[in-house]
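Chemist: Just passing along the structure, written as structure tokens.
In the working numbering, the protein residues as written are 1 to 200.
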């Protein structure tokens with residue numbers, strides 16, 4: 001079997017406190033769970049006929065997530081934040097490069113992976129910037145950073161702070177700013193579902 005050119009890790013391990021504790025990745029938008037939308041996005045916009053390693057980092061409902069791909073849990077216990085998920089993804093990657101995406105973004109830029117990979121070069125980490133602020137969970141890493149991420153997560157560092165430590169380079173996505181929108185509350189889920197139905 002050939003080695004996948006990229007591991008795509010969907011970060012779905014959050015506590016979803018603003019959603020009443022419900023598991024965001026399994027919440028439907030217009031009838032389709034966010035994790036299913038993420039899988040379809042990766043096949044359409046990232047894989048494009050190439051072999052990818054699709055990985056889901058989740059801390060609950062692992063059996064439900066396993067219907068969509070390979071599943072791992074956070075590198076630390078107790079919902080310690082997204083860096084624990086990033087660390088787990090890097091540690092468990094089947095490819096040398098790892099693209100991370102949050103499960104609660106229903107429509108990431110279609111050219112996200114293409115633009116990050118094109119800018120990768122000799123860098124060890126790249127992260128999207130939407131023109132106003134960094135989007136730390138939309139990032140591309142070399143999997144050799146696993147130990148660094150694990151140590152930082154154990155110290156309680158956040159993703160942004162760790163990215164600064166490792167010298168992550170920002171890539172301009174100001175022309176795609178609206179596509180980094182994420183869903184956190186029941187109202188946001190309902191509004192997005194209404195917008196999808198209106199487009200269709």
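Backbone N, C-alpha and C fix where the C-beta goes; we use that ideal spot for every residue, glycine too.
Computed from a prediction, not measured in an experiment: that's the story for all the values here.
(1) Is it the case that the Cβ atoms of residue 11 and residue 82 are separated by a distance below 7 Å?
(2) In the DSSP output, which residue or residues are listed as bridge partners for residue 129?
(3) Starting from the Cα of residue 49, find the closest Cα among 33, 29, 36 and 6 and give me that residue.
(4) What is the DSSP secondary structure of residue 55, reduced to helix, strand or coil?
(5) Does the pairing of the region 95-102 with the region 151-158 give three or more beta-carbon distances under 8 Å?
(6) Should residue 173 and residue 104 be called a contact, given that it needs their Cβ atoms to be closer than 7 Å?
(7) Roughly how many angstroms lie between the CA atoms of residue 32 and residue 68, to the nearest whole one?
(8) Quick test of the definition: if touching needs 3 or more C-beta pairs under 8 Å, does the region 123-141 touch the region 163-177?
(9) Less than 7 Å between C-beta atoms, sequence neighbours within five positions excluded: which residues of the same chain meet that for residue 54?
(10) Which value, in whole angstroms, describes the spacing of the CA atoms of residue 127 and residue 63?
(11) Specify the secondary structure class of residue 42 as computed by DSSP and reduced to three states.
(12) For residue 168, I'd like the list of residues in its chain whose CB is within less than 6 Å of its CB, leaving aside the five on either flank, ordered along the chain.
(13) Determine which residues share a DSSP beta bridge with residue 141 and list them.
(14) I think residue 192 touches residue 29, with their Cβ atoms under 8 Å apart; what is that distance to the nearest whole Å?
(15) So with Cβ pairs under 7 Å, would you call residue 50 a contact of chain C?
(16) I'd like the ranges of any alpha helix (DSSP H) spanning at least 4 consecutive residues and lying wholly in the region 145-199.
(17) So what does DSSP say about residue 82, is it helix, strand or coil?
(18) With C-beta atoms as the reference, is residue 95 less than 7 Å away from residue 4?
(19) Could you check the C-alpha separation between residue 34 and residue 107 for me, to the nearest Å?
Modeler: Short version:
(1) As a first step, residue 11 is located in the chain shown; it is residue number 11 there, counting from the start. As a first step, residue 82 is located in the chain shown; it is residue number 82 there, counting from the start. Contact: yes.
(2) The residue you call residue 129 lines up with position 129 of the chain shown. Residue 129 is bridged to 134 and 172.
(3) Start at 1 with the first residue of the chain shown, and residue 49 comes out as number 49. When each option's Cα is compared against that of residue 49, the closest is 6.
(4) On the chain shown, residue 55 is found 55 positions in, with the first residue counted as 1. Three-state result, residue 55: strand.
(5) Result no; under three Cβ-Cβ pairs closer than 8 Å.
(6) On the chain shown, position 173 is the one that residue 173 refers to. On the chain shown, position 104 is the one that residue 104 refers to. Cβ distance not < 7 Å, so residue 173 and residue 104 don't count as in contact.
(7) As a first step, residue 32 is located in the chain shown; it is residue number 32 there, counting from the start. As a first step, residue 68 is located in the chain shown; it is residue number 68 there, counting from the start. So the two alpha carbons sit approximately 12 Å from each other.
(8) yes
(9) Translated into the one-based positions of the chain shown, residue 54 becomes position 54. The beta carbon of residue 54 lies closer than 7 Å to those of 8, 39, 42, 69 and 70 in the same chain, with the five residues before and after it left out.
(10) Position 127 of the chain shown, counted from the start, is the residue given in the question as residue 127. Position 63 of the chain shown, counted from the start, is the residue given in the question as residue 63. Distance between the alpha carbons of residue 127 and residue 63: 30 Å.
(11) Here residue 42 is taken as the residue at index 42 of the chain shown, counted from 1. The answer is helix: DSSP assigns residue 42 an H, G or I state.
(12) For this step, residue 168 is matched to residue 168 along the chain shown. Only 125 and 127 meet the Cβ criterion.
(13) Residue 141 sits at position 141 when you count from the first residue of the chain shown. Bridge partners of residue 141: 98 and 125.
(14) What you label residue 192 is simply residue 192 of the chain shown in a count that begins at 1. What you label residue 29 is simply residue 29 of the chain shown in a count that begins at 1. Distance from residue 192 to residue 29 at the Cβ level is roughly 6 Å; contact confirmed, criterion being Cβ atoms closer than 8 Å.
(15) In the structure shown, chain C cannot be found, because there is only a single protein chain.
(16) 146-154, 159-166 and 186-199
(17) For the purposes of this step, residue 82 is taken as residue 82 along the chain shown, with counting starting at 1. Three-state DSSP puts residue 82 in a helix.
(18) In the chain shown, counting from the first residue as 1, residue 95 sits at position 95. In the chain shown, counting from the first residue as 1, residue 4 sits at position 4. Yes, Cβ-Cβ distance for residue 95 and residue 4 is below 7 Å.
(19) Residue 34 sits at position 34 when you count from the first residue of the chain shown. Residue 107 sits at position 107 when you count from the first residue of the chain shown. Looking at the two C-alpha atoms, the distance is approximately 10 Å.
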